[in-house]
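Novice: Numbering (the numbering used here), first residue to last: 1265 to 1656.
For every residue, glycine included, the Cβ atom is placed at its ideal position computed from N, Cα and C.
In this text, all values refer to a predicted model and were calculated from it rather than measured experimentally.
Pasting the structure below:
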């Protein structure tokens, strides 16, 4: 595949970075870049930056297509990690005549990256690009989990035209469907219809309110550790920390919290694509949101550096195994604790395992889930997954 056909090269002069910054250890001096006539080799690359300036289906957020280069300029000015892996910046994706043209082309390119064990870090653009990201896994026939950090669910209304605030509805209706689970982190109740909350419950999806997440951020780690795709809507971050978002509000995650969540994603060996959407430079103040996104990406890379395949469904050794019987032996839950990282998982029982769900029978959890089971209570995370695999 000639990848260069899908991208517009970076024009260094337009970024004002290379003339103003000569410090050797800045990230911008260590990226493999697609510049005019020079497409980088991806042979050893594990992470690629992909700008997607698509906004045709943006919901009330025209101007978000200008985001990639604004973020790129700020990211280049950060100092690299001493052990930073080879990273390529492929420039901005060539946008199609219609949004659907963009989705189809992006599906092809993202599926190529996934097949070649390269993680695309997508800088939007509007969040409907998540739909194109999903199509890449559908193309590969992989059943996946999507985690969205967002103040809203983006389920939308099927009677209205498809927009970035309804991408989840479009994914759910795909047949055959390759979405095993969707988890939202950070929704704000006053932005979400009660019927949408009920629908999430009926579909056995996970939803973690902003207040719950902020009360103990580490409780979000198992949700992110279970993700194949992480999609971040910048409206999840409070306005005071990120003014460059049309839909930002006074409440939301702060900069430190969102960077911590991004680092969890980087550590997750299962995660194979990451997208950041809805940043709009039109509303930004002193490039504050662009700087924050650059730092979000930096922390993702920081987590990626220490990533290891530490899961009981991959490596059978190096785990403590705990058997917990509940409700007079009506249920038995098997827990695993890593001897290396101290992380926890639990096993979902099934007599006849569906090969399509082979990656979903071992579920990331926390010490709290184990302690819940020890009190003779069924952990919600375990029961939700069981209902998906084996309807009760």
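Are the CB atoms of residue 1310 and residue 1346 nearer to each other than 8 Å?
Specialist: No. Outside cutoff.
Novice: With a Cβ-Cβ cutoff of 8 Å, do residue 1417 and residue 1445 count as a contact?
Specialist: Contact flag unset, no.
Novice: So the alpha helix (DSSP H) residue 1396 belongs to, where does it begin and stop?
Specialist: Unbroken alpha helix (DSSP H) run through residue 1396: 1393 to 1404.
Novice: Inspect the beta-carbon positions of residue 1270 and residue 1369 and report whether they are closer than 8 Å.
Specialist: Result yes, Cβ atoms of residue 1270 and residue 1369 sit closer than 8 Å.
Novice: Is residue 1651 a contact residue of the ligand PLP, with contact defined as CB to any heavy atom under 7 Å?
Specialist: The model depicted lacks the ligand PLP and carries no ligand whatsoever.
Novice: Check each candidate in 1540, 1438 and 1490 and name the one with the smallest Cα separation from residue 1405.
Specialist: When only C-alpha atoms are compared, the closest one is 1438.
Novice: Would residue 1411 pass as a contact of residue 1471 if the rule is Cβ separation under 8 Å?
Specialist: Result no, Cβ atoms of residue 1411 and residue 1471 do not sit closer than 8 Å.
Novice: Buried or exposed: which applies to residue 1392, given that a residue is buried once 16 or more other Cβ atoms fall within 10 Å of its Cβ?
Specialist: Buried, since its Cβ has 16 or more Cβ neighbours within 10 Å.
Novice: Is residue 1291 closer than 8 Å to residue 1354 when the C-beta atoms are compared?
Specialist: Contact flag unset, no.
Novice: Run through the DSSP bridge pairs and tell me what residue 1638 is partnered with.
Specialist: In the DSSP output, where bridge partners are listed per residue, residue 1638 has none listed.
Novice: Just how far apart, CA to CA, sit residue 1289 and residue 1569?
Specialist: The straight-line gap from Cα to Cα measures roughly 17 Å.
Novice: What residue does the alpha helix (DSSP H) around residue 1435 start on, and which one ends it?
Specialist: Element bounds for residue 1435: 1431 to 1436.
Novice: Cβ of residue 1612 within 8 Å of Cβ of residue 1627?
Specialist: The answer is yes: Cβ separation under 8 Å.
Novice: Could you compute how far the alpha carbon of residue 1267 sits from the alpha carbon of residue 1374?
Specialist: C-alpha separation (whole angstroms): 11 Å.
Novice: Throw me the rounded Cβ distance for the residue 1337 and residue 1280 pair, which I believe falls under 8 Å.
Specialist: That belief holds up - the Cβ atoms of residue 1337 and residue 1280 are roughly 7 Å apart, short of 8 Å.
Novice: Could you check which residue in 1408, 1533 and 1630 has the C-alpha nearest to that of residue 1440?
Specialist: For the residues 1408, 1533 and 1630, the minimum Cα distance to residue 1440 belongs to 1408.
Novice: In three-state DSSP terms, what is residue 1619?
Specialist: Residue state, collapsed to three classes: helix.
Novice: Which runs of the beta strand (DSSP E), 3 residues or longer, sit entirely within the segment 1316 to 1382?
Specialist: Listed in chain order, the complete beta strand (DSSP E) runs (minimum 3 residues) inside the segment 1316 to 1382 are 1351 to 1357.
Novice: Along the chain, where does the beta strand (DSSP E) that runs through residue 1597 open and close?
Specialist: Counting along the chain, the beta strand (DSSP E) containing residue 1597 begins and ends at 1595 to 1602.
Novice: Could you tell me if residue 1559 is buried or exposed, where buried requires 16 or more neighbouring beta carbons within 10 angstroms of its beta carbon?
Specialist: Buried, by the Cβ-count rule.
Novice: What are the start and end residues of each continuous alpha helix (DSSP H) run of 4 or more residues lying completely inside the segment 1418 to 1479, in chain order?
Specialist: The qualifying runs are 1431 to 1436, 1458 to 1466 and 1474 to 1479.
Novice: Please state if the CB of residue 1585 and the CB of residue 1208 are separated by a distance shorter than 8 Å.
Specialist: Residue 1208 falls outside the range modelled here, since the chain spans only 1265 to 1656, and no answer is possible.
Novice: Could you check how far apart the C-beta atoms of residue 1607 and residue 1574 are, in whole angstroms? I think they sit under 8 Å.
Specialist: About 7 Å; that satisfies the 8 Å criterion.
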